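Heads up: the sequence shown begins at 0 in numbering that gives the first Met the number 0, then just goes up one per residue. Glycine is no exception: its CB is placed at the ideal position from the N, C-alpha and C atoms. Remember, it's a predicted structure, so these values are computed and weren't measured experimentally. Below is one structure, written out as structure tokens; the observations come after it.
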Amino acid sequence: MVALAAVAVGATVYSGGTAPAATEAADEETIVSVALSESPEPVVDGTTSAATVPTTTPAAVEATPSTDPTATADTAVSSDTGESVGSTEAGSTEAGAVTEDAPVAESASSITPDQPYTDDFTADSGNWRTMTGSWAVQAGTLVQSDPSGFDLINTLDLDLPAEYDVTVSMQAQGDNLGGGIVVGLSNTASRRGAYLIDFTAGGTFLRWGRYDVDTGIYKYLGGLNVGSDVAAWNTLRVKVAESESTVFFNGDPQGTFDPVVGGMAGLVTSESTVAFDDLTIEAL
0 MVALAAVAVG
10 ATVYSGGTAP
20 AATEAADEET
30 IVSVALSESP
40 EPVVDGTTSA
50 ATVPTTTPAA
60 VEATPSTDPT
70 ATADTAVSSD
80 TGESVGSTEA
90 GSTEAGAVTE
100 DAPVAESASS
110 ITPDQPYTDD
120 FTADSGNWRT
130 MTGSWAVQAG
140 TLVQSDPSGF
150 DLINTLDLDL
160 PAEYDVTVSM
170 QAQGDNLGGG
180 IVVGLSNTAS
190 RRGAYLIDFT
200 AGGTFLRWGR
210 YDVDTGIYKY
220 LGGLNVGSDV
230 AAWNTLRVKV
240 AESESTVFFN
250 GDPQGTFDPV
260 VGGMAGLVTS
270 ESTVAFDDLT
280 IEAL
């Protein structure tokens, strides 16, 4: 494991150093979709939120990408109407999320200490529910092929035990590895309240954070430089226990964050095409 820098907010990391502080979210009423990589989302119809474009950048020009792996950026207008989307009012969902027509989460099977769940993606298991993105089983892997979107989530529609271990192998289908695991999803239509453990900054920075339970806005909790080889298969593992959650990269522990109470697990990408394979969930 190569660990160059680490920082955590209310979390533990296993190497020293300092990474940039998390960026504060802007107006909760208009900002609904959080960018999870070093570059903000582009301008939509010449309008962006204040958090997206610096005051020195003309409104019609795309903002300059940031190299801060903890930063967030948000868009808040519809390309069709110019109106704000994904209001934080009760009953609404984040921008791009599945609406009220999304399927209700139902258990396909139960995971017990004697019966782990495995998926090698040789065929479509029928247990995955796409929230956002373009997901498909291809050549024995599960691939998210949209390289431009943020928070593109595919949820495993299974009941999980109170304590479990989720492991998946992942490989960039290009020069950018942006993606990872989501735990604590309350349903298949919204990320609110869930925890995100993902690679950013081209795949060199591994971080963990949480989507706000009310707004869906991402809050950075901790992370560190891992210097992953994006051309190789990398293994990401999250151990969810009642005392704390632990992040592993290629078999080595990297840090801890809050305990996760209930919910489902899923996979996620941001600004990259990623292939996933050999997913395993084991009850502890």
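Non-local C-beta neighbours of V212 in its own chain, meaning closer than 8 Å and more than five positions away in sequence, comprise R191, G192, ordered along the chain. The three-state secondary structure of A200, taken from DSSP, is helix. Taking 8 Å as the upper bound for CB-CB distance, T187 and M130 are in contact here, some 6 Å apart.
By DSSP's assignment, Q114 forms a beta bridge with T111. Proximity to A240 across A274, D197, E270, F256 peaks at F256, based on C-alpha coordinates.
Minimum Cα-Cα distance from A200 among the listed residues S185, N224, V273 corresponds to N224. Nearest in C-alpha terms to V181, of all of S242, T121, V237, is V237. Straight across, the Cα-Cα distance linking Y163 with P115 is about 10 Å. In the DSSP assignment, T279 is bridged to T117, T166. Contact annotation: the region 143-155 touches the region 263-282, with at least three C-beta pairs closer than 8 Å. Taking the Cα positions, A282 is about 17 Å away from L235. Taking V229 as reference, the option from Y194, S242, P112, D174 with the minimal CA-CA separation is D174.
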